[in-house]
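**Q**
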Amino acid sequence: MSYPIYMLAALSAIEWSQVTWRLEEAPDAGTAECEQEMIHDVLLRHLPRQGLSVDAGCGTGKWPIYLARRGYRVVGLDISLEAGRTARVTDRNVPMTVGDVRRIPLRDRSLDAVISLGVVEHDERGPLEALREARRVLKPDGVLVLSVPYNNPFRRLVVNRLQTYVTWKRRRAGMKLGLLEYRFSKREVRHFLAETGFEPLAAYPNDFLPPRNVGLWVDHQNLVFNPLHEHVPGELFRLPGLAGRVAVAVTRHAPWLVCGEVAFVARAC
């Protein structure tokens, strides 16, 4: 089953991506790190170079910009006007538009691919509405690259138990909490895709390459209640000391155990 993660209501109202945007040292910082993410090779392997793609929920546009510079036709879509402005500072040649991933402002069957990386898990009602919208705008046999938080084995066995206790303590202390994200199993994601008109083709672990690990780092921050804005960019997604060395070893040799997200490639039926 999916596992919900809660934060202070005042913080959870600010999307995760909007917090991390402000930690970038320069507008191009996110684009420069694309090759350090596991999803990099997945995108280059499965996206059609000649077709038109939309990155639905692109934030400051790091992936549309990165892919466009390598010959792909990509449009960035995000609900935040601030994100679009930041993307245009980085590269004015990449089309960016403001919109909701549940109501993409494009015609039916007009796209060859939709990219959705760390977006649909924030909807309290679940990901189905956004996935149905992605299917609407895709041509038959179009490609969906979807990445969502993964309820990995380490989270199921260790983190979720601690997180449930911490959430109970915070509520008992009178803290008002709101949903940050859902974390899903691979089986759940396959079910969501089949229900919304997609055929799942492949699943991949998704996180940063070592020495960073978003999944383990975020779990640590959630449990100790350390706000993201207190960190400087060089410290993001790195665990210190022995924990960091163990994280590097496990991420390198058994990524499915601790990866922060699971990425699916699916075909529009």
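Here the sequence shown is numbered in this note's numbering, starting from 25 and rising by one per residue. Even glycine gets a Cβ: it sits at the ideal position worked out from N, Cα and C.
Just grab the DSSP bridge partners of D79 for me.
**A** G100 and I139
**Q** Going by CA-CA distance only, name the one from V282, V169 and L260 that's closest to V143.
**A** V169
**Q** Would you mind sorting P229 into buried or exposed? The rule is 16 or more other CB atoms within 10 Å of its CB.
**A** buried
**Q** Shortest alpha-carbon distance to G221 belongs to which of W192, Q245, D243 and E157?
**A** E157
**Q** Have a look at A92, C82, S134 and K86 and flag the residue whose alpha-carbon is nearest the alpha-carbon of D124.
**A** C82
**Q** When the Cα of F178 is compared with those of W280, A226 and L71, which residue comes out closest?
**A** W280
**Q** With the cut-off set at 9 Å, would you say R160 and I128 are in Cβ contact?
**A** yes
**Q** Taking the beta carbon of V286 as the centre, do at least 16 other beta carbons fall within 10 Å, making it buried, or is it exposed?
**A** buried
**Q** Quick one: Cα of A278 to Cα of R180, how far?
**A** 16 Å
**Q** Take Q74 as the anchor and find which of I63, Q60, M62 and L91 has the nearest alpha-carbon.
**A** L91
**Q** In angstroms, rounded to a whole number, what distance separates the CA positions of W45 and R185?
**A** Any reading at W45 is ruled out, since the residue's pLDDT is 49, under 50, leaving its predicted position unreliable.
**Q** For the beta strand (DSSP E) that L32 lies in, which residues bound it at each end?
**A** Y27 to L32
**Q** Roughly how many angstroms separate the alpha carbons of A226 and L71, rounded to a whole number?
**A** 13 Å
**Q** Leaving out the 5 sequence neighbours to the left and right, which residues in its chain are closer than 7 Å to R194 when beta-carbon positions are compared?
**A** Taken in chain order, the residues that qualify are L201.
**Q** Tell me which residue opens and which closes the alpha helix (DSSP H) that L201 is part of.
**A** Taken as a continuous stretch (DSSP letters only), L201 belongs to no alpha helix (DSSP H), being part of the beta strand (DSSP E) at L201 to R207.
**Q** For N117, which residues of its own chain have a beta-carbon under 8 Å away from its beta-carbon, when the five flanking residues on both sides are left out?
**A** Only A92 meet the Cβ criterion.
**Q** Residue range of the beta strand (DSSP E) that T84 falls in?
**A** Taken as a continuous stretch (DSSP letters only), T84 belongs to no beta strand (DSSP E), as it is neither H nor E.
**Q** When we look at the beta-carbon of G265 and count the other beta-carbons within 10 Å, is it buried (16 or more) or exposed?
**A** exposed
**Q** Mapping the DSSP letters down to three states, classify P177 as helix, strand or coil.
**A** helix
**Q** Comparing alpha-carbon positions, which option in P234, A290, V248 and D243 lies nearest V270?
**A** P234
**Q** On the premise that G166 lies in contact with D136, defined as a C-beta separation below 8 Å, what is that separation, rounded to the nearest angstrom?
**A** Their Cβ separation, rounded to whole angstroms, is 5 Å, which keeps D136 and G166 in contact under 8 Å.
**Q** Evaluate G95 with the Cβ neighbour count: other Cβ atoms within 10 Å of its Cβ, from every protein chain shown; 16 or more gives buried, anything less gives exposed.
**A** exposed
**Q** By a C-beta neighbour count over all protein chains shown, 10 Å radius and 16 as the cutoff for buried, is R236 buried or exposed?
**A** buried
**Q** If you draw a straight line from the alpha carbon of L47 to that of R149, how long is it in whole angstroms?
**A** Its pLDDT being 45, under 50, L47 is placed unreliably by the model, and nothing is read from it.
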